[in-house]
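Oh and the sequence shown: position 436 is 436 in the UniProt record's numbering, straight run, nothing missing.
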Amino acid sequence: QEGCEAVPHRATVYVQLVESKRMWSWNKLFPLHVEAADGEKIIVSPSEMENCPGVPSVCDIQLNQMPSSDFTILSDVVTMFSVDFSKPVKSASTYYRVQLDPVKSGKAQIVLSWWDIDMDPSGMINCTMAPYWVKSASAFQWRDHWMQCVYFLPNEEPVLQGEKVYLTACRDEYSVWYKLQKARGEEENKAAVRVESPVCRCQAHLLWNRPRFGQLNDENRTRQYMKSLMKVLKTDSVCLCISDGSLLPVLAHYLGAKQFFKANHLEDKIKIIEARPELLTSSHLEDKKISVLLGEPFFTTSLLPWHNLYFWYARTAVTSHLANDVTVLPQSASLHMMIVEFQDLWRIRSPCGICEGFDVQTMDDMIKNSLNFRESREAEPHPLWEYPCKSLSDPREVLTFDFRKTVPQCSLSTEGSVNLLRKGKSHGAVLWMEYHLVADISVNTGLLQISNEKGNCEWNPHCKQAVYFFSSVIESETLSDLPSAVTYAINFNPKTGDIAMDFKL
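Structural data, given as structure tokens:
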């Protein structure tokens with residue numbers, strides 16, 4: 001009703017212009033350098049992809065986990081616009097413009113954005129989402145419901161220190177997007193502003209999400225696949241690739257494969273087969289037998305790390321089309337596990353109890369009962385590069401999957417115990433997959449390294465890892481009786497592809 005007061009009352013949106021190869025790699029496909037037998041070749045993306053403005057959907061991340069070495073600040077922080085929650089939201093598209101004076105020359109690629117929330121009309125009670133380089137670390141309050149945002153400009157724009165530019169924020173009911181313009185006549189600038197939302201024309205931004213772009217641009221990862229392909233490909237190799245939106249067919253073609261079939265979705269040397277693996281026929285393969293079966297594996301529908309074991313089922317479905325001496329890449333996979341203490345992520349499962357003098361135990365019980373119905377006994381996906389943790393145990397390989405053989409009829413099970421090497425709260429177990437491409441080359445989707453004696457972990461930034469929370473620890477208010485070991489039982493059900501697990505402290 002008229003005169004109502006909303007809590008929170010007002011949001012003020014701030015922006016900062018930066019250059020960042022890492023963040024830009026989440027939006028554009030970089031050139032691929034292929035060292036083939038006949039010299040180096042460079043694979044570049046089509047002009048439609050290079051010039052595509054992308055999609056306006058927000059990329060919200062824990063920006064405080066982005067090292068300052070991964071971006072270059074090109075402008076000061078400026079206020080972009082504010083929203084008064086006590087007033088009706090206008091549904092019509094609108095735009096806001098600010099002038100920026102670049103503090104450094106560079107390539108403007110990214111707009112970093114966050115908001116401050118005034119909880120009351122006077123602004124006395126304020127919540128800020130400003131990242132670490134804007135405010136002192138002592139003022140940090142961890143949040144996972146309001147995070148900072150990364151917005152990608154339609155194309156990178158060169159800016160010069162001291163040469164002012166205009167940044168325009170456009171918004172509709174659902175999205176915000178940004179446009180950067182060089183300083184021109186005011187009337188000319190106003191006429192040039194378009195508030196139409198950017199639309200992906202190349203389809204890549206609809207097929208690949210931001211982490212997938214980053215994964216495809218990961219030079220070290222691509223190098224592992226190229227080294228493996230060079231070991232297994234021959235001039236007469238007939239290859240079949242089973243993965244979603246993969247560049248493996250292109251790499252294999254440039255590295256010398258005679259013919260390539262791609263079971264999902266590039267030129268006349270690569271044939272796209274629009275059929276599910278179990279529906280593949282000899283005519284699809286021109287009556288040829290597959291000598292090399294490839295996969296990253298990656299599938300867009302995968303949520304948990306082991307969901308990409310769909311490759312194993314697809315390999316089983318196409319067995320009749322494989323040559324007797326077929327090479328499968330990757331040849332196998334392994335599931336790994338480690339016990340960790342989270343710096344903050346445990347809070348998403350922690351009961352509130354008394355909050356600002358209010359007893360919310362009833363809500364805690366409701367959430368707990370809902371989780372106990374199923375979710376408390378399941379792992380859930382999280383991008384752990386955004387959520388710091390320290391290892392309390394050594395990583396352990398717990399299951400292996402041999403892709404050279406078909407999916408077995410019987411379950412794969414393992415039981416054991418891991419010793420806890422460091423003191424801390426065992427908030428949960430982290431699980432991830434490792435793919436063994438050939439005998440001595442592997443690709444890891446989880447733990448990259450334990451970086452110091454404290455056990456701080458470095459995780460693959462392009463994949464989500466599986467986290468199984470130990471509710472008994474998270475709900476406990478004391479650190480008494482720290483366990484010295486954690487026992488586990490893990491079971492892979494080949495009929496469903498699911499992995500069930502149980503842990504005891």
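Virtual Cβ for every residue (Gly too), placed ideally from N, Cα, C.
Assigned secondary structure, residue i (DSSP; H/G/I helix, E/B strand, else coil)
i      : result
THR316 : helix
ASP502 : strand
TRP306 : helix
GLY214 : helix
ARG223 : helix
ARG171 : strand
MET129 : coil
ILE242 : coil
LYS289 : coil
PRO483 : coil
GLN465 : strand
LEU294 : strand
PHE81  : strand
SER91  : coil
VAL176 : strand
ARG10  : strand
SER228 : helix
LYS182 : strand
HIS284 : coil
ARG201 : coil
TRP115 : strand
C-beta atoms of residue i and residue j nearer than 7 Å
i      : j      : result
PRO53  : PRO154 : yes
ILE339 : SER393 : yes
PHE30  : ASN217 : yes
THR445 : TRP459 : no
TYR225 : ALA36  : no
GLU173 : SER57  : no
VAL328 : ARG221 : no
GLY455 : LYS390 : yes
SER484 : LEU420 : yes
MET119 : PRO8   : yes
Own chain residues within Cβ distance below 7 Å of residue i, not counting five before or after
i      : result
CYS4   : SER86
GLU475 : PRO351
SER228 : LEU329, LEU437, VAL438, ILE441
HIS205 : CYS52, GLY54, VAL55
Alpha-carbon to alpha-carbon, residue j and residue i
i      : j      : result
TRP177 : GLU48  : 20 Å
ARG10  : MET129 : 14 Å
GLN99  : LEU74  : 13 Å
LEU266 : CYS239 : Since pLDDT at LEU266 reaches only 45, below the 50 mark, its modelled position is unreliable, and the value read off the structure follows with that caveat. If you take the alpha carbons of LEU266 and CYS239, they lie about 14 Å apart.
ILE499 : LEU304 : 10 Å
ASN264 : PRO277 : Its pLDDT being 40, under 50, ASN264 is placed unreliably by the model, and the measurement read from it follows with that caveat. Distance between the alpha carbons of ASN264 and PRO277 is about 9 Å.
ILE125 : GLY357 : 17 Å
LEU248 : GLY106 : 33 Å
GLN299 : ASN209 : It should be pointed out that residue 299 corresponds to Phe in this sequence rather than to Gln. Cα to Cα, the separation comes out at about 12 Å.
LEU505 : ARG374 : 20 Å
TYR88  : ASP116 : The residue asked about is misnamed: residue 88 is Pro in this sequence, not Tyr. Using only the alpha carbons, I get a separation of about 20 Å.
GLU386 : PRO46  : 32 Å
THR168 : TYR95  : 7 Å
ARG201 : ASP402 : 40 Å
GLU163 : LYS182 : 8 Å
LYS41  : SER426 : 49 Å
GLN449 : THR281 : 44 Å
PHE81  : VAL15  : 9 Å
GLU196 : LEU180 : 15 Å
GLY245 : GLN343 : 35 Å
GLY497 : SER411 : 10 Å
ILE43  : CYS355 : 56 Å
HIS33  : GLN215 : 15 Å
GLN331 : LEU309 : 12 Å
TYR488 : VAL318 : 35 Å
THR235 : ASN493 : 39 Å
TYR313 : LEU279 : 13 Å
PHE84  : THR12  : According to the sequence shown, residue 84 is Asp rather than Phe. Their backbone Cα atoms lie some 9 Å apart in a straight line.
SER175 : ARG143 : 22 Å
VAL443 : PRO383 : 17 Å
Close-in-space but distant-in-sequence residues of the same chain around residue i (CB under 6 Å, 5 per side omitted)
i      : result
PHE152 : ASN27, GLY54
LYS289 : ALA323
MET23  : ILE110, VAL150
ASP101 : LYS164
ARG97  : TYR166, THR168
PRO388 : GLN343
Beta-carbon contacts of residue i that lie in its chain and below 8 Å, excluding the five residues immediately before and after
i      : result
PHE140 : ASN64, TYR132
THR72  : VAL18, GLU19, SER20, LYS104, GLY106
_At 3 residues or longer, what runs of the beta strand (DSSP E) sit wholly inside the segment 332 to 415?_
Runs of the beta strand (DSSP E) inside the segment 332 to 415: 332 to 342, 380 to 382, 389 to 391, 396 to 402.
*Can you list the beta strand (DSSP E) stretches of 3 or more residues lying completely in the segment 426 to 464, in chain order?*
428 to 438, 441 to 444, 447 to 450, 457 to 459
_beta strand (DSSP E) runs contained entirely in the segment 5 to 55, provided each spans 3 or more residues_ = 10 to 19, 32 to 36, 39 to 43
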